[in-house]
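Take a look at the structure below.
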């Protein structure tokens, strides 16, 4: 099945 | 200091219900504009963002920015002690170590005033920079309809594929033993009363974990409508607006096969 991505890879975390 | 008076405790109760399973501790960032909460779940798959406008309160005062570190489980318990239609006042001093909540009964036969206090905590939270996004598709639909769809499909499988095309918006779940798909067509104005809308610049197909969408749907009690904003390969934005503010969720897509 498809893998779950994480928000960190879309939004910058500081 | 913060002093914020809400005309009904039910709003806070519903918000807590819609947040507490995603996030256990969060900062309520209070400033003169209102109260905001933004937090990711432990797995960094979903983010919830709540905003209560200062104008949405019966009375609102916040002299300087004040982060209130709240254990949402504790706040849920304290809010359970309020009746839905109680007037609810939140107070915190500048040291932000205690949150006090006062519930005033509206009933005519007696003046009940209940006071509770809960401990606040220091929370060192990640700050996420959410970029402004021009989404390729925007779908507005009744929140009860969205709740029904994700709850039904979650019985069949773990994931849902959402496809927005000229045809409308389609929700597809392929389970091991059964599959299902639900199409909502663009033209939903049969009764002459507009129930929803689909705006699309280009077709979008995205796959998401249903357990998060079921969780987001707890916000159906806050708003009759939900807006889904989508672009290929970016997080889904699920937005519920109400008179006093909004609650928004971001959900990272499933990718690859």
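Protein chains in written order, with our numbering: chain P, 1 to 14; chain A, 15 to 271.
Just so you know, even glycine gets a beta-carbon here, dropped at the ideal spot from N, CA and C.
What first and last residue would you give for the alpha helix (DSSP H) that runs through residue i?
i, result
"residue 226 (chain A)", "224-230"
"residue 236 (chain A)", "Careful: residue 236 (chain A) lies outside any alpha helix (DSSP H) and carries neither H nor E."
"residue 90 (chain A)", "86-94"
"residue 31 (chain A)", "23-33"
How big is the Cα-Cα spacing for residue i and residue j?
i, j, result
"residue 60 (chain A)", "residue 231 (chain A)", "13 Å"
"residue 72 (chain A)", "residue 102 (chain A)", "10 Å"
"residue 12 (chain P)", "residue 128 (chain A)", "43 Å"
"residue 67 (chain A)", "residue 270 (chain A)", "40 Å"
"residue 97 (chain A)", "residue 209 (chain A)", "32 Å"
"residue 24 (chain A)", "residue 100 (chain A)", "8 Å"
"residue 205 (chain A)", "residue 177 (chain A)", "Residue confidence is low: residue 205 (chain A) scores 47 on pLDDT, short of 50, so the model does not pin down where it sits. Its coordinate-derived value is still stated next. Taking the straight line joining both Cα atoms gives about 25 Å."
"residue 28 (chain A)", "residue 70 (chain A)", "15 Å"
"residue 85 (chain A)", "residue 40 (chain A)", "7 Å"
"residue 10 (chain P)", "residue 249 (chain A)", "8 Å"
"residue 196 (chain A)", "residue 158 (chain A)", "15 Å"
"residue 32 (chain A)", "residue 262 (chain A)", "10 Å"
Give me, in chain order, the residues of the same chain whose beta-carbon lies closer than 8 Å to that of residue i; leave out the 5 immediate sequence neighbours on both sides.
i, result
"residue 255 (chain A)", "237, 239 and 241"
"residue 193 (chain A)", "170, 171, 186 and 187"
Can you list the residues of chain P that residue i reaches, using a CB-CB cut of under 7 Å?
i, result
"residue 149 (chain A)", "By Cβ distance, chain P contributes nothing, its closest Cβ being about 13 Å from residue 149 (chain A), past 7 Å."
"residue 249 (chain A)", "7 and 10"
"residue 144 (chain A)", "11"
Taking 8 Å as the threshold (C-beta atoms), are residue j and residue i in contact?
i, j, result
"residue 65 (chain A)", "residue 50 (chain A)", "yes"
"residue 213 (chain A)", "residue 168 (chain A)", "no"
"residue 134 (chain A)", "residue 110 (chain A)", "yes"
"residue 246 (chain A)", "residue 219 (chain A)", "yes"
"residue 234 (chain A)", "residue 154 (chain A)", "no"
"residue 264 (chain A)", "residue 144 (chain A)", "yes"
"residue 26 (chain A)", "residue 93 (chain A)", "yes"
"residue 54 (chain A)", "residue 140 (chain A)", "yes"
"residue 164 (chain A)", "residue 62 (chain A)", "no"
Once you ignore the five residues that flank residue i on each side, which residues in its own chain have a CB closer than 7 Å to its CB?
i, result
"residue 76 (chain A)", "16, 44, 45 and 46"
"residue 189 (chain A)", "170 and 171"
Tell me the residue span of the beta strand (DSSP E) that contains residue i.
i, result
"residue 163 (chain A)", "Where residue 163 (chain A) is concerned, there is no enclosing beta strand (DSSP E), although the alpha helix (DSSP H) it sits in stretches over 157-168."
Using the beta-carbon of each residue, which ones in chain P are nearer than 8 Å to residue i?
i, result
"residue 54 (chain A)", "7"
"residue 287 (chain A)", "This structure gives no information on residue 287 (chain A), because the portion of chain A shown stretches from 15 to 271."
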